[in-house]
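*Asks:* Per our numbering, the sequence shown starts with residue 176, numbered consecutively. Got a structure here, written out as C-alpha cells. Questions coming.
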Amino acid sequence: MKLTLVIGASENTERYSNRAVKQLKKHNVPVAAIGLKAGEIEDIKIQTGFPIIENVDTVTLYVGPQNQPQYYDYILSLKPKRVIFNPGTENPEFEEKIKKVGIEIEEACTLVMLSTGVY
176 MKLTLVIGAS ENTERYSNRA VKQLKKHNVP VAAIGLKAGE IEDIKIQTGF
226 PIIENVDTVT LYVGPQNQPQ YYDYILSLKP KRVIFNPGTE NPEFEEKIKK
276 VGIEIEEACT LVMLSTGVY
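In C-alpha cells, the structure reads:
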C-alpha cells in the first residue's frame, strides 16, 4: 500500500485527524503525520513544519481553508497522486492549483472511505 500523509494531525483523541491516523494504521495503510505540535498517535510520530517525506501517494487534509495557504507549495512539492479534502477543508482556490498539475482531488471523508472499503 502507498503512503498517506495526514496534515493537521493531533494527539487529541476527539479530533478526526487522530482517528484517521489510527484507522489508516488499522487498515495497514502506511501513514505519516504533520501537525502544529510534535507528538505521537500510537507509534506514529507527529512531525511539525514541512519535513521531507518521500513517496506520498495521498495527502488527507484536516486543516481549514484559512490555514491551508502555508501548505500549498509543500503539498504540491510532494507530488501526491491525490489530495483528500475532508469535510470542512474544502478550498476551491487550492483545488484549482492542484488540478492544474494533474493531481486527483476528492472531497470526501477519509474515515468513511476506509470504513466502506473505497479508500
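Note that beta-carbon positions come from the ideal geometry of N, C-alpha and C, so glycine has one too.
Starting from Phe269 and walking both ways along the alpha helix (DSSP H), at which residues does that stretch end?
*Replies:* That run of the alpha helix (DSSP H) goes 267–275.
*Asks:* Cα-Cα, which of Ile259, Glu270, Gln198 is closest to Asp232?
*Replies:* Of Ile259, Glu270, Gln198, the residue nearest in Cα terms is Ile259.
*Asks:* Please report the distance separating the alpha-carbon of Lys220 from that of Glu271.
*Replies:* Whole-angstrom Cα-Cα distance: 31 Å.
*Asks:* Quick check: the Cα distance between Glu215 and Ala208, rounded to an integer number of angstroms?
*Replies:* Whole-angstrom Cα-Cα distance: 9 Å.
*Asks:* What first and last residue would you give for the beta strand (DSSP E) that runs through Asp232?
*Replies:* Taken as a continuous stretch (DSSP letters only), the beta strand (DSSP E) holding Asp232 covers 231–236.
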